[in-house]
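**Q** Top line first, the protein sequences correspond to chains A and B. At position 179 of the first sequence (counting the first as 1) the number is 192 in our numbering, and the numbers step up by one without a gap. At position 37 of the second sequence (counting the first as 1) the number is 50 in our numbering, and the numbers step up by one without a gap. Ideal placement from N, C-alpha and C gives every residue a C-beta, glycine not left out. Predicted model, so just to flag it, every value in this text is computed and none were measured. Sending over a structure as structure tokens; questions will come in a sec.
2 protein chains.
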Amino acid sequence: MSERAIRLHTPVELAAGVRFGLDARATHYLAKVMRATSGDVVRLFNARDGEWRAELTVAKRAVTATALERVRPAAVEPGPTLAVAALKRARLELVVEKATELGVAAIQPLATARAVVDRVNHDRLAAIATEAAEQSERLTVPAIAPLRPLDAVLAERAGDRPLYAAVERADASGLAEAVAAHGAGDLLIGPEGGFAAAERAALAAAPGVVAVSLGPRVLRAETAAIAGLAVLALRMSG
Amino acid sequence: MSERAIRLHTPVELAAGVRFGLDARATHYLAKVMRATSGDVVRLFNARDGEWRAELTVAKRAVTATALERVRPAAVEPGPTLAVAALKRARLELVVEKATELGVAAIQPLATARAVVDRVNHDRLAAIATEAAEQSERLTVPAIAPLRPLDAVLAERAGDRPLYAAVERADASGLAEAVAAHGAGDLLIGPEGGFAAAERAALAAAPGVVAVSLGPRVLRAETAAIAGLAVLALRMSG
């Protein structure tokens, strides 16, 4: 047996002795990219069962894993939800990767008046989140919600959890100060051109929304998302 | 005259009535990308003279600018210096762009034992910093220092300014807490594989170095740089 520094998410239930074939993505990665061979030991994880050592059997077109023993118990990974306007493809992909590393619990792409796209590649974003979770030693993979309008997302929120909305407004307090005052919450990042007037009115009327500033400079939307999560997630995870 | 939402850095001295030909980069951007025409008014800025309205004269192969009046005075833009291991090209370029948006004063690429490259494209990094400064309403463009070894950079530092070194070490305090305790300072981010033993010893012996944590997850080096600057620069700029 050879321990490999490889860590893969699996949707399959993990328990001692469980044996199962890996999916196409994991098979390709293990057999072609990492040149895994039978007897190699890797780590597998999912949100329910924690992280397990697992031994591989590599055949011509399939890789089978046998779970050996658990090395990390399942754990809740508390983190903010990020609601972010549908940015251009590369920028949204960057946000998903970095948000996952920074501990986000879920990502909600938003359709807004000034959003640059009206559809997002959900499967591609979910794959990026999975890979970033594997790389960053997370046990959970953040859920990528389907694209929805801002008002529908606001209508569903419980008003007792703060939603920190990054705005370019002189009277907004700094995010770190707002989190110190209001506690753990979620982050809302608008599109490159900002929210439209009707959206700003909806935000002002929604319970729990706290307008925050991310400093004196003009940040691109993806920078605002990553910077805001850095401040928020690092504070929430201690 | 037509006001254009265009903002360009220039190395030329700006004063009322000063007239000068723009360089190849600005000429290309104005004439080809933005399709500027004679009479268009843009903003020009540099660190010494602040930001100016300037009227363009667009000829076949040259664009001339005439400074009209100052709209923002020169200002000191305090920010941390980022010392960062020479990452792979795309990752280092991302760091330079985002660090500039987040207000970094200067960027020092580091040659380290485990750095993935032994040279960086200095001109390309400087151009990225310039473009990010133009986009983010900065008045200054962060200097990109030439690649140097970690020990040379450490030897030159004054010990009274903290250098926050992101390390994966259980006893390191969180960056936000460290900044609250020690005050404004600079940020040090190692290579993807971490610092080598000799480098860790040099860091431990260097005056002013404060080991800090960026949370419980494993961050890619470029994520650590951006997240650390978000925490540090937002705090330093108020």
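Which value, in whole angstroms, describes the spacing of the CA atoms of Pro91(B) and His41(A)?
**A** Pro91(B) and His41(A): Cα-Cα distance of roughly 48 Å.
**Q** Given that a residue counts as buried once 16 or more other Cβ atoms are within 10 Å of its Cβ, and exposed if not, what is Lys73(B)?
**A** Classification for Lys73(B): exposed.
**Q** Under 8 Å Cβ to Cβ from Val31(B), same chain only, skipping five residues before and after it: list those, please.
**A** Only Val25, Thr79 and Ala80 meet the Cβ criterion.
**Q** Could you tell me which residues DSSP pairs with His195(B) in its beta bridges?
**A** None; His195(B) has no bridge partner.
**Q** CA-CA distance, Gly172(B) and Gly196(B)?
**A** Each residue's alpha carbon lies about 13 Å from the other.
**Q** Helix, strand or coil for Gly221(B)? Go by DSSP, reduced to three states.
**A** The answer is coil: DSSP assigns Gly221(B) none of H, G, I, E or B.
**Q** Can you have a look at His135(A) and say buried or exposed, based on whether 16 or more other CB atoms are within 10 angstroms of its CB?
**A** With fewer than 16 other Cβ atoms within 10 Å, it is exposed.
**Q** DSSP three-state label for Ala72(A), please.
**A** Note: Ala72(A) maps to coil in three-state DSSP.
**Q** Of all the beta strand (DSSP E) runs that stay within the bounds of the region 19 to 43 of chain A, which reach a length of 3 or more residues?
**A** Counting whole runs of 3 or more residues, the region 19 to 43 of chain A contains the beta strand (DSSP E) stretches 32 to 34.
**Q** State yes or no: is the beta carbon of Ile202(A) nearer than 9 Å to at least one beta carbon in chain B?
**A** No, Ile202(A) lies away from the interface with chain B (no Cβ there is under 9 Å from its Cβ).
**Q** If you draw a straight line from the C-alpha of Glu181(B) to the C-alpha of Ala98(A), how long is it?
**A** Distance between the alpha carbons of Glu181(B) and Ala98(A) is about 33 Å.
**Q** Excluding five sequence neighbours on each side, which residues of the same chain lie with their C-beta closer than 6 Å to the C-beta of Ala214(B)?
**A** If we look at Ala214(B) and ignore the five residues flanking it on each side, it has no Cβ neighbours.
**Q** Whether or not the region 184 to 201 of chain B and the region 136 to 153 of chain B are in contact is what I'm after, with contact meaning three or more pairs of Cβ atoms, one per stretch, closer than 8 Å; do they touch?
**A** The region 136 to 153 of chain B, when compared against the region 184 to 201 of chain B, does not touch it at the 8 Å Cβ threshold.
**Q** Does Lys111(B) get closer than 9 Å to chain A when you measure Cβ to Cβ?
**A** True, the Cβ-Cβ gap to chain A drops below 9 Å.
**Q** Assign His22(A) to buried or exposed, taking buried as 16 or more other Cβ atoms, counted over all protein chains shown, within 10 Å of its Cβ.
**A** Buried, because 16 or more other Cβ atoms sit within 10 Å of the Cβ of His22(A).
**Q** My understanding is that Glu212(A) touches Leu100(A), with C-beta atoms under 8 Å, so please give their C-beta distance in whole angstroms.
**A** 16 Å between Cβ atoms; not a contact.
**Q** Taking 7 Å as the limit between beta carbons, can you name the residues of its chain near Ala156(B), skipping five residues before and five after?
**A** Closer than 7 Å at the Cβ level, and outside the excluded window around Ala156(B), lie Ala119.
**Q** Would Ser51(B) pass as an interface residue toward chain A - the criterion being a Cβ-Cβ separation below 9 Å?
**A** No, its Cβ sits nowhere closer than 9 Å to a Cβ of chain A.
**Q** Since Pro122(A) sits in a beta bridge, which residues does DSSP pair it with?
**A** Paired residues: Val97(A).
**Q** Do Glu64(B) and Arg85(B) have their C-beta atoms within less than 9 Å of each other?
**A** Contact flag set, yes.
**Q** Would you give the residue range spanned by the beta strand (DSSP E) that Val54(B) belongs to?
**A** Segment Asp53 to Asn59, the beta strand (DSSP E) holding Val54(B).
**Q** Please report whether the beta-carbon of Glu114(B) lies at a distance below 9 Å from any beta-carbon of chain D.
**A** The structure shown contains no chain D; the protein chains it does contain are A and B.
**Q** Beta strand (DSSP E) containing Leu176(A): first to last residue?
**A** Where Leu176(A) is concerned, the enclosing beta strand (DSSP E) stretches over Leu176 to Ala179.
**Q** With C-beta atoms as the reference, is Leu57(A) less than 9 Å away from Ala49(A)?
**A** Not a contact, by the Cβ cut-off of 9 Å.
**Q** Compare the beta carbon distance of Lys45(B) and Ile239(A) with 9 Å and say whether it is the shorter of the two.
**A** No, the Cβ-Cβ distance between Lys45(B) and Ile239(A) is not below 9 Å.
**Q** If the cut is a Cβ gap below 9 Å, which residues of chain A does Ser149(B) touch?
**A** Within 9 Å Cβ-Cβ: Arg230, Val231, Leu232, Arg233 and Thr236.
**Q** Return the first residue and the last residue of the alpha helix (DSSP H) that Glu90(B) is part of.
**A** Per DSSP, Glu90(B) belongs to no alpha helix (DSSP H) and is neither H nor E.
**Q** According to DSSP, simplified to helix, strand and coil, what is Ala49(B)?
**A** Three-state result, Ala49(B): coil.
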